[in-house]
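A.B. asks:
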Amino acid sequence: MEAEHREEGKKTTFAREKTRGEMIRGSTSLIGAVNFVTFLISIPVLGGGIWLSARANSTDCLRFLQWPLIIIGITIMVISLMGFAGACYRLSWLLRAYLFAMFVVVAALLGFIIFAFAVTDRGRGQVVLNRAFLEYQLVDYSGWLRDRVANPGYWGKISSCLREGHACAGMARYVRDPTTGVLVPESADMFYQRQLSPIESGCCKPPTSCGYTYVNETFWNPVAGLAVDDPDCIQWSNDQQQLCYQCNSCKAGVLASLRHSWRKVSVINVVMLIALVIVYVVGCAAYRNARRVDNNEAFGATRMTKARPSRFQF
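Quick note on numbering: the sequence shown equals residues 0 to 313 in numbering that gives the first Met the number 0.
1) Could you give the first and the last residue of the continuous beta strand (DSSP E) run that contains P184?
2) Who are the near neighbours of Q125 in its chain, counting only those whose CB is closer than 8 Å to its CB and skipping five residues on each side?
3) Which one or two residues does DSSP pair with Q125 in a beta bridge?
4) The beta strand (DSSP E) that contains Y213, what's its start and end?
5) Can you give me the C-alpha to C-alpha distance between A284 and S41, rounded to a whole angstrom?
6) Do the CB positions of C160 and C203 come within less than 8 Å of each other?
7) Let's test the definition: count the other Cβ atoms within 10 Å of the Cβ of S186 and tell me whether it reaches 16, buried, or not, exposed.
8) Roughly how many angstroms lie between the CA atoms of A168 and M76, to the nearest whole one?
9) Is there at least one Cβ from chain D nearer than 8 Å to D176's Cβ?
10) With DSSP as the reference, identify every bridge partner of W261, one or two as the case may be.
11) Roughly how many whole angstroms lie between the Cα atoms of D120 and P184?
12) Let me check understanding here. Comparing Cα to Cα, which of S260, T217, G252 lies closest to Q239?
13) Using only the alpha-carbon positions, how far apart do A117 and V105 sit?
14) Going by C-alpha distance, which of G31, I69, H165, W92 is nearest P43?
15) Counting only the same chain and skipping the five closest in sequence on each side, list residues whose C-beta sits under 7 Å from that of W261.
16) Any idea if P205 is buried or exposed, counting beta-carbon neighbours within 10 angstroms, 16 or more meaning buried?
17) With DSSP as the reference, label V227 as helix, strand or coil.
18) Helix or strand or just coil, what does DSSP make of G85?
19) What residue does the beta strand (DSSP E) around Y244 start on, and which one ends it?
20) Just to confirm the assignment, what range does the alpha helix (DSSP H) spanning W92 have?
21) Quick one: any contact between the stretch 140-147 and the stretch 163-183, if contact means 3 or more CB pairs under 8 Å?
22) Please state whether DSSP places W143 in a helix, a strand or coil.
23) For A96 and V280, I'd like the C-alpha separation in whole angstroms.
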């Protein structure tokens, strides 16, 4: 009888240890697989930043884009390696460092999402009568973004980027004259019905309130005797290297484009945040399992927290 009980006890212990081992392997394998995929994703991100660094020219168009990509790529890569190694080798201290780094990344990403939504809560294009495109004004945007873009030193870099990147070069459109069959620039009425991007509307033409006469998309003549109280009307130049790159409407157009991009990125970041939280929770489970292995705890056993337990049992 005693032998049978002993045999049953061995079977129970074996089954418990088998279940324990399967759960540990399952959780650590899951976190290892997740971090391996995350590591693979970080490679093109880091490669893109390095490629932008190699391609950067004398302007600031590409220079200020490379570092965020490089930092993000390296951070994700290092954290992924930490989680992968900690899960594979069941190293409690490495998983502890991994979880701390992951917590910092999640907190930073959450802060960035809140910040992005806060600074892009204001600012939209204004509808103009008989125009399909929108007009943009600097006063409509958030104070932080407006002050950042209006800074002369910062705006000098942006305007240089727009000018050397030929931001307005793609605006020209031609139609075939039905009489001669020759390609000619589109008419003013056709231009007024176009959907322009915020930068094209703000930087490549004068504001509609100036009342300038249309010649082509980037060439406008002032009306003699028409006085308009708008500094952008004075800033406008038919010089194709100047246009309205120093206008407040151009700064507003850049902010409108930036706002649209940040909103898209923020939505993507929310999805990334959810995924990182899931990975973090899985990492916590793997860390607990690794601690059980280190402490030689039996699966399902109650952990004693006192050196001398109380006599009173509940």
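Positions of the beta carbon are idealized from the N, C-alpha and C atoms, including for glycine. Nothing here was measured: the structure is a model prediction, and the numbers come from that model.
C.D. replies: Well, looking at it:
1) Taking the sequence shown and counting its residues from 1, the one referred to as residue 184 is at position 185. Looking at the DSSP string, the run of the beta strand (DSSP E) that includes P184 is 182-184.
2) Here residue 125 refers to the residue found at position 126 when the sequence shown is read from its first residue. Answer for Q125: L133, E134, Y135, Q136, D139, listed in chain order.
3) Position 126 of the sequence shown holds residue 125. E134, per the DSSP bridge assignment.
4) For the purposes of this step, residue 213 is identified with residue 214 of the sequence shown, where counting begins at 1. From DSSP, the beta strand (DSSP E) with Y213 extends over 212-215.
5) Sequence index remark: in the sequence shown, residue 284 carries index 285 (1-based). Sequence index remark: in the sequence shown, residue 41 carries index 42 (1-based). In a straight line, the C-alpha of A284 is about 24 Å away from that of S41.
6) Sequence index remark: in the sequence shown, residue 160 carries index 161 (1-based). Sequence index remark: in the sequence shown, residue 203 carries index 204 (1-based). No; because the gap between Cβ atoms is not below 8 Å, this pair is not in contact.
7) Position 187 of the sequence shown holds residue 186. Answer is exposed; the Cβ neighbour count stays below 16.
8) The residue labelled residue 168 in the question sits at position 169 within the sequence shown. The residue labelled residue 76 in the question sits at position 77 within the sequence shown. The straight-line gap from Cα to Cα measures roughly 39 Å.
9) Of the protein chains in the structure, only one exists, and it is not chain D.
10) The count along the sequence shown starts at 1 and reaches residue 261 at position 262. DSSP lists no partner for W261.
11) Start at 1 with the first residue of the sequence shown, and residue 120 comes out as number 121. Start at 1 with the first residue of the sequence shown, and residue 184 comes out as number 185. Cα to Cα, D120 sits roughly 39 Å from P184.
12) Counting from one through the sequence shown, the residue named residue 239 turns up at place 240. Ranked by Cα distance from Q239, the options S260, T217, G252 are led by T217.
13) By one-based count along the sequence shown, residue 117 stands at place 118. By one-based count along the sequence shown, residue 105 stands at place 106. If you draw a straight line from the Cα of A117 to the Cα of V105, it is about 18 Å long.
14) As a working note, residue 43 is residue 44 in the sequence shown. Residue nearest to P43 within the set G31, I69, H165, W92 is I69 (criterion: CA-CA distance).
15) Translated into positions along the sequence shown, residue 261 becomes position 262. For W261, where only same-chain residues beyond five positions count, the Cβ hits under 7 Å are A115, T119.
16) As a working mapping, residue 205 is identified with position 206 in the sequence shown. Counting Cβ neighbours within 10 Å, P205 comes out buried, since at least 16 surround it.
17) Start at 1 with the first residue of the sequence shown, and residue 227 comes out as number 228. It is coil, neither helix nor strand.
18) For the purposes of this step, residue 85 is taken as residue 86 along the sequence shown, with counting starting at 1. The answer is helix: DSSP assigns G85 an H, G or I state.
19) Reading the sequence shown from its first residue, position 245 is the one you call residue 244. Here Y244 belongs to no beta strand (DSSP E), and DSSP marks it neither H nor E.
20) Position 93 of the sequence shown holds residue 92. Element bounds for W92: 91-118.
21) no
22) Taking the sequence shown and counting its residues from 1, one reaches residue 143 at position 144. DSSP places W143 in helix when its eight states are reduced to three.
23) For the purposes of this step, residue 96 is taken as the residue at position 97 of the sequence shown. For the purposes of this step, residue 280 is taken as the residue at position 281 of the sequence shown. Going from the Cα of A96 to the Cα of V280 covers about 14 Å.
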